[in-house]
Amino acid sequence: SQQGEEDPQALSIQEGENATMNCSYKTSINNLQWYRQNSGRGLVHLILIRSNEREKHSGRLRVTLDTSKKSSSLLITASRAADTASYFCATGANDMRFGAGTRLTVKP
Amino acid sequence: NAGVTQTPKFQVLKTGQSMTLQCAQDMNHEYMSWYRQDPGMGLRLIHYSVGAGITDQGEVPNGYNVSRSTTEDFPLRLLSAAPSQTSVYFCASSYWQGDTEAFFGQGTRLTVV
Numbered sequence: 123s124q125q126g127e128e129d130p131q132a133l134s135i136q137e138g139e140n141a142t143m144n145c146s147y148k149t150s151i152n153n154l155q156w157y158r159q160n161s162g163r164g165l166v167h168l169i170l171i172r173s174n175e176r177e178k179h180s181g182r183l184r185v186t187l188d189t190s191k192k193s194s195s196l197l198i199t200a201s202r203a204a205d206t207a208s209y210f211c212a213t214g215a216n217d218m219r220f221g222a223g224t225r226l227t228v229k230p
Numbered sequence: 004n005a006g007v008t009q010t011p012k013f014q015v016l017k018t019g020q021s022m023t024l025q026c027a028q029d030m031n032h033e034y035m036s037w038y039r040q041d042p043g044m045g046l047r048l049i050h051y052s053v054g055a056g057i058t059d060q061g062e063v064p065n066g067y068n069v070s071r072s073t074t075e076d077f078p079l080r081l082l083s084a085a086p087s088q089t090s091v092y093f094c095a096s097s098y099w100q101g102d103t104e105a106f107f108g109q110g111t112r113l114t115v116v
C-alpha cells in the first residue's frame, strides 16, 4: 500500500491564488519530500523537510510538517498557469513510497 | 550532464513477450529504483538497489526482474509480458534514498496487447 495520501485529489484555482495540498502518512519518518509531475513527464523534486523541522520555504513554496499528526502540507503562493501539474508527497528510505497525488489546475 | 536516461520511450509488446527497459545515470548515485505509474495513480515501487550487486523487492515486484552489475545501470526485465503490465515506468536515482532528492528519468510508456 502507498505510504502517503494526498488531499484533495484535484484542485482548480485561478492564477494568483494560493494552493494548499495535504499529505498524510502512516509510519514514523526521517523526512518527507514533495515532487511535481508535469503531464507525461518524470517527477521533479521540490523540497525535503526533515522530521525535526516544522516548516520550510523555497521560493513560492512553503511546506509544513506535523509529526504528531503524521501530516504535511504544501502551499504554493501566487500560483501561475505553469504550476499546473500533479504534486506528490513521498516518504521512506530505501523503499520510498509515493501517494496518489493532487492534480492542480491553475487557470489563467 | 544527462542525469537519468531511460530507453526506449515507447514500446508495444505482445502478451508473453519479454523485454528489458534500460536505465542509466551519470551522477554516480548509489541508489536506483524502478516505479510504475498507472493512469490517475501515484508511483508504485517495483524494485530498488542500494548499490552495485544489491537489489531488493518493492511493493509490486511480481513479473519483473532486476540486476545491478554497475553503479550506472539498472535494467528492468519483463519476463513474460501481460496486459496488466501496461503502464508508464520510471527509473530514479539518488545519492542516498530517502535522505536526498531523487532524480527521475522521463519514463517508458509500455503497452502490452
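Chains U and A are the protein sequences, given in the same order.
Under the numbering used here, the residues of the first sequence are numbered 123 to 230, in order.
Under the numbering used here, the residues of the second sequence are numbered 4 to 116, in order.
Just so it is clear, CB atoms sit at the ideal spot from N, CA and C, and this is done for glycine as well.
Small disclaimer: the values here were computed from a predicted structure and weren't measured.
For a test of the three-state rule: what should DSSP assign to residue i, helix, strand or coil?
{"i": "A132/U", "result": "strand"}
{"i": "A95/A", "result": "strand"}
{"i": "S52/A", "result": "strand"}
{"i": "Q109/A", "result": "coil"}
{"i": "Q20/A", "result": "coil"}
Cβ of residue i within 8 Å of Cβ of residue j?
{"i": "Y209/U", "j": "T199/U", "result": "no"}
{"i": "T78/A", "j": "L16/A", "result": "The sequence shown places Pro at residue 78/A, not Thr. Their beta carbons are not under 8 Å apart, which means P78/A does not touch L16/A by this criterion."}
{"i": "T206/U", "j": "L226/U", "result": "yes"}
{"i": "M143/U", "j": "S195/U", "result": "yes"}
{"i": "T58/A", "j": "T89/A", "result": "no"}
Using the beta-carbon count (16 or more within 10 Å), is residue i buried or exposed?
{"i": "E177/U", "result": "exposed"}
{"i": "T10/A", "result": "exposed"}
{"i": "A132/U", "result": "exposed"}
{"i": "T111/A", "result": "buried"}
{"i": "S123/U", "result": "Residue placement at S123/U is poorly supported in this model, since its pLDDT is 43, which falls under 50; the coordinates are not used for a value here."}
{"i": "T213/U", "result": "buried"}
Roughly how far, in whole angstroms, is the beta-carbon of residue i from the beta-carbon of residue j, given that I think they are within contact range, below 8 Å?
{"i": "F93/A", "j": "Y38/A", "result": "5 Å"}
{"i": "L183/U", "j": "L168/U", "result": "6 Å"}
Please compile the residues from chain A whose C-beta is within a distance smaller than 8 Å of the C-beta of residue i.
{"i": "H167/U", "result": "E104, A105 and F106"}
{"i": "A222/U", "result": "G43, M44 and G45"}
List, in chain order, every chain U residue whose beta-carbon is nearer than 9 Å to that of residue i.
{"i": "Y51/A", "result": "N216, D217 and M218"}
Which residues of chain A have a Cβ atom closer than 7 Å to the Cβ of residue i, listed in chain order?
{"i": "L170/U", "result": "E104"}
Taking Cβ-Cβ distances shorter than 7 Å, what residues in chain U pair up with residue i?
{"i": "G56/A", "result": "Neighbours of G56/A on chain U: none; closest Cβ ~15 Å, over 7 Å."}
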